[in-house]
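Here the structure is laid out as structure tokens; the discussion comes afterwards.
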Amino acid sequence: MIRIIFSTLILSASIFAANAQEANAILQKMDEIMFSAKDISATQKIILIDKNGNEEVREATMLQKGTDMRMFRFTSPASQAGISVLSLPDDIMYLYLPAFGKERRIASSSKNQNFAGTDFSYDDLESKSFAAKYTAKLLKTESNAFILELIPKTPSDYSKIIINVNKTNYYPEKMEYYDKGNNKIKEATYNFKKLGKYWNTELVEMINFKKNHKTQMIMSDVKYDTGLTDDEFTVRKLKQ
Amino acid sequence: MKRFFVHTIVILITSITINLKFGYAQTDDNKLKLSGTFTTDQRLLLKDDNDWAWNETRLSLKLDKKVTDNSKFHSDIWLRNIGLPNVLMSSDLYNKGIVDPYNLEIREAYVHVIGFVSDKMDLTIGRQRIVWGTADKLNPTDNLNPLDMEDILDFGRRRGSDALNLKYYLNNDYSMQAVFLPFFQPANLPAGIFANSLNPEMSFPEGLTIVGLSDTVLMPDYNLKKSSTAAFKFKGYAGGTDFSISYVWGIDGLPFNTRNELIPVTNPIVGIHVNSEVSFFRNHIIGADIATGIGGMGFWAEAALYLPTEDIHTITDMSAIIPNMIQDQAVLDKNKPYLKYIIGGDYFLPDGSYFNLQYMHGFVHERGSENLNDYFFMQYEKGFLNEKLKVAPIGGGFIVSDWKQLSNNYALVYMPSIKYQSSVNSDITLFTVLFDGKGENMFAKLKNFNMFILKFSYSF
Numbered sequence: 000m001i002r003i004i005f006s007t008l009i010l011s012a013s014i015f016a017a018n019a020q021e022a023n024a025i026l027q028k029m030d031e032i033m034f035s036a037k038d039i040s041a042t043q044k045i046i047l048i049d050k051n052g053n054e055e056v057r058e059a060t061m062l063q064k065g066t067d068m069r070m071f072r073f074t075s076p077a078s079q080a081g082i083s084v085l086s087l088p089d090d091i092m093y094l095y096l097p098a099f100g101k102e103r104r105i106a107s108s109s110k111n112q113n114f115a116g117t118d119f120s121y122d123d124l125e126s127k128s129f130a131a132k133y134t135a136k137l138l139k140t141e142s143n144a145f146i147l148e149l150i151p152k153t154p155s156d157y158s159k160i161i162i163n164v165n166k167t168n169y170y171p172e173k174m175e176y177y178d179k180g181n182n183k184i185k186e187a188t189y190n191f192k193k194l195g196k197y198w199n200t201e202l203v204e205m206i207n208f209k210k211n212h213k214t215q216m217i218m219s220d221v222k223y224d225t226g227l228t229d230d231e232f233t234v235r236k237l238k239q
Numbered sequence: 000m001k002r003f004f005v006h007t008i009v010i011l012i013t014s015i016t017i018n019l020k021f022g023y024a025q026t027d028d029n030k031l032k033l034s035g036t037f038t039t040d041q042r043l044l045l046k047d048d049n050d051w052a053w054n055e056t057r058l059s060l061k062l063d064k065k066v067t068d069n070s071k072f073h074s075d076i077w078l079r080n081i082g083l084p085n086v087l088m089s090s091d092l093y094n095k096g097i098v099d100p101y102n103l104e105i106r107e108a109y110v111h112v113i114g115f116v117s118d119k120m121d122l123t124i125g126r127q128r129i130v131w132g133t134a135d136k137l138n139p140t141d142n143l144n145p146l147d148m149e150d151i152l153d154f155g156r157r158r159g160s161d162a163l164n165l166k167y168y169l170n171n172d173y174s175m176q177a178v179f180l181p182f183f184q185p186a187n188l189p190a191g192i193f194a195n196s197l198n199p200e201m202s203f204p205e206g207l208t209i210v211g212l213s214d215t216v217l218m219p220d221y222n223l224k225k226s227s228t229a230a231f232k233f234k235g236y237a238g239g240t241d242f243s244i245s246y247v248w249g250i251d252g253l254p255f256n257t258r259n260e261l262i263p264v265t266n267p268i269v270g271i272h273v274n275s276e277v278s279f280f281r282n283h284i285i286g287a288d289i290a291t292g293i294g295g296m297g298f299w300a301e302a303a304l305y306l307p308t309e310d311i312h313t314i315t316d317m318s319a320i321i322p323n324m325i326q327d328q329a330v331l332d333k334n335k336p337y338l339k340y341i342i343g344g345d346y347f348l349p350d351g352s353y354f355n356l357q358y359m360h361g362f363v364h365e366r367g368s369e370n371l372n373d374y375f376f377m378q379y380e381k382g383f384l385n386e387k388l389k390v391a392p393i394g395g396g397f398i399v400s401d402w403k404q405l406s407n408n409y410a411l412v413y414m415p416s417i418k419y420q421s422s423v424n425s426d427i428t429l430f431t432v433l434f435d436g437k438g439e440n441m442f443a444k445l446k447n448f449n450m451f452i453l454k455f456s457y458s459f
């Protein structure tokens, strides 16, 4: 009897380990798809849609290098133009508000705040691979997608994220964000399109269920591997 | 020394010319961009007949132009109607500046050159705001630009200075900055109903009635030695903390009362006329600041040690009334540096509301260790309607000018506000400002000026 229990435990542990291994491998593959280019520069159209369907349009430029450097800068409307966020390795994020004339490091308590009225938090905009931020568990495999549960490795407002990863191409199709009370608070859906040799996030739509509000981010003028250097991702550049 | 400056200026001009000439590449980005903000700021007192306390209509025009691939021009010009008609005589009605007061102000106008001489160095030349310090709005180390105290409720506002500003980036984490301001620009003092808020109480022997006041401002000589300011700053990031140390050799933009002469007058009434002199003095200022995150909270601390370069006295000459009666009162001792500092933090609560608390020792106009008051500022703000509506039910400060006699030396400022984003580029803000207090401090003097404020702004 003891032998059976022992064997069952070993088997369960092995299955669990294999599951985790497979889940993490899927997540890493997803990261490779999302961060496959050496660098990206693009224009983003951001549409804020309230519960009555009223739209507010904003525009921004985005530069990204590798998995952990991103510069995001609003170009319109006039009230937001110049507001910029720089995301660097080791969870470092800077915010630049032109009205104050100086940069400010974003405190970790504010990373869960919505960025400039969008439904994306500073944390969502952070440039960091999912495998580095979350531990993955494979919940199930559907005909077209792997369903993973992601648990944050460091303190976060999210208790978990349920993510659908395309089974063929490994890009994310949907992410469901849950709060500490296990309530689904946000949902992001992704439209990917192949652009040259890379899968490009053409559209991301984030729905905030608490606020009954959604934000669409539409990428255009996407350029890959233009040779962006680390100098583009500095506080010096943030203020320019 | 003179030759050194001439050589330096020639080298700078040559280098700028080379940078601008060889970096040029005409594209659509080189077009002149116009943006700006229209703001109207209306305030009325809450007592009696609700007298109008402030009227300002401001057009802030920003012009930006990419000059070359590595340089840009930026300017910020304020065109304003400010104040109420101040018509005293019929001839004033012919003067539009009195009937409808207006002014034009170049807040900033500079060229910023990236990669000046070295790839790692930037130069900014022209009228510019050089913001130092990590604290929120109230920065003891922010001493390069002259104070703009016109609206004392707009804490931390400073004007631009004509300056040469060189910044050398050692890497992404460390930089050095050297700033040179060739001439001195004094602070401008509070306007309108705030005009007397900074004036100290004048005390004279009993029985003397002041029937007239006049003063003379002794400005420093306008030459490089007497009126220039030089400053240096080293900024870095280590162990999760942003920090900087700085040094300023500059003239305090607020003057000191250095001499009062009391002259008896008998016509039309018996009393004294006071002739005063005010002068500006130079300081060495050593500053340091840090900003970091502790337990999810943003935390900052900033301090500036002021070292006067000479002893400052107020001489009161009453010899015209009482023979040989001359009082000499020490105001600042060059051997007694004084420290101003601020400590603060902010936090976003789980419900998205924002909390900010700061403790400051020494407001911008206070000098000398025994004259520095304690200030506690607090703000709590919560957003609604997807952040379109922001309500700050808690906002303001508590000021103590003497802890030993607190009941007679304090001030309270309560500034709740509601801000509504009426469209993507416009917002409207309603404030109420309530003052109370006793004793010798700026905010206690404003207790008769409780007011309601309406601001509307539109960006384009």
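If you're matching them up, the sequences are chains A and B in order.
Numbering that gives the first Met the number 0 puts the first sequence at residues 0 to 239.
Numbering that gives the first Met the number 0 puts the second sequence at residues 0 to 459.
Ideal placement from N, C-alpha and C gives every residue a C-beta, glycine not left out.
Please read all numbers here as calculations on a predicted model, not as lab measurements.
Item                                                                                                                            : Value
Cα-Cα separation, S226 (chain B) to D161 (chain B)                                                                              : 12 Å
Secondary structure of F193 (chain B), DSSP reduced to three states                                                             : helix
Assumed close pair V112 (chain B), S74 (chain B) - CB separation to whole angstroms, cut-off 8 Å                                : Contact flag wrong, Cβ pair sits at about 16 Å.
CA-to-CA distance, N171 (chain B) to T233 (chain A), given in whole angstroms                                                   : 6 Å
Sub-8 Å separation of R366 (chain B) and L331 (chain B) beta-carbons                                                            : yes
Burial state of Q460 (chain B) (16 or more Cβ within 10 Å)                                                                      : Shown here, chain B extends from 0 to 459; a query on residue 460 (chain B) therefore has no answer.
Runs of beta strand (DSSP E) wholly within the stretch 163 to 233 of chain A (minimum 3 residues, chain order)                  : 171 to 177, 183 to 194, 197 to 207 and 212 to 223
Range covered by the alpha helix (DSSP H) that runs through G96 (chain B)                                                       : K95 to V98
Residue interval of the beta strand (DSSP E) (run including S275 (chain B))                                                     : G270 to S278
Rounded separation between K64 (chain B) and A290 (chain B) - CA only                                                           : 33 Å
Limits of the alpha helix (DSSP H) - the one that F129 (chain A) falls within                                                   : F129 to K132
Interface flag, G100 (chain A) vs chain B, CB-CB below 8 Å                                                                      : yes
8 Å Cβ cutoff, D75 (chain B) in contact with chain A                                                                            : no
C-beta neighbour in chain B for G255 (chain A), strict 8 Å                                                                      : Past the boundaries of the shown model lies residue 255 (chain A); chain A is included only from 0 to 239, so the question cannot be answered.
Cβ pair L146 (chain B), R157 (chain B) closer than 8 Å                                                                          : yes
Reduced DSSP secondary structure (H/G/I, E/B, other) of I293 (chain B)                                                          : strand
Closer than 8 Å to chain B by CB, S78 (chain A)                                                                                 : yes
Beta-carbon separation (whole angstroms), I32 (chain A) vs N168 (chain A), contact threshold 8 Å                                : 7 Å
Nearest neighbour of K61 (chain B), chosen from B:L78, B:E55 and B:N54 [CA to CA]                                               : B:L78
Residues, ordered as in the chain, of the stretch 127 to 140 of chain B that lie near chain A by beta-carbon distance below 7 Å : R128 and V130
Among B:F72, B:F115 and B:T228, nearest to K32 (chain B) - alpha-carbon criterion                                               : B:F72
Residue-level contact to chain B via CB, G116 (chain A), 8 Å cutoff                                                             : yes
Reference P199 (chain B), options B:F448, B:E439 and B:L429, closest by Cα                                                      : B:E439
Below-8 Å beta-carbon distance, A24 (chain B) vs any chain A residue                                                            : Note on A24 (chain B): pLDDT 48, under 50, position unreliable in the model; the coordinate value appears next. So no, A24 (chain B) is outside the interface.
Cutoff 8 Å: R104 (chain A) Cβ touching any chain B Cβ                                                                           : yes
Chain-ordered chain A contacts of E386 (chain B) [CB-CB under 7 Å]                                                              : N113 and G116
Residue burial classification, E175 (chain A) (beta-carbon count within 10 angstroms, cutoff 16)                                : buried
Test item: CB-CB of A135 (chain A) and L149 (chain A) under 8 Å                                                                 : yes
Buried or exposed (CB count within 10 angstroms, at least 16 for buried), L227 (chain A)                                        : buried
Below-8 Å beta-carbon distance, F21 (chain B) vs any chain A residue                                                            : Any reading at F21 (chain B) must be qualified, since the residue scores a pLDDT of 48, below 50, and its modelled position is unreliable; the value itself is stated next. So no, F21 (chain B) is outside the interface.
8 Å Cβ cutoff met for K210 (chain A) and N385 (chain B)                                                                         : yes
Cβ neighbour criterion (16 or more within 10 Å) applied to Q239 (chain A)                                                       : exposed
For M68 (chain A), the nearest candidate out of A:D156, A:K37, A:M218 and A:I25 (CA to CA)                                      : A:K37
Start-to-end residues for the alpha helix (DSSP H) that takes in K224 (chain B)                                                 : L223 to S226
Contact list for the stretch 291 to 306 of chain B against chain A, Cβ threshold 7 Å                                            : G292, G295, M296 and G297
Pair within 8 Å by beta-carbon distance, P100 (chain B) and M148 (chain B)                                                      : no
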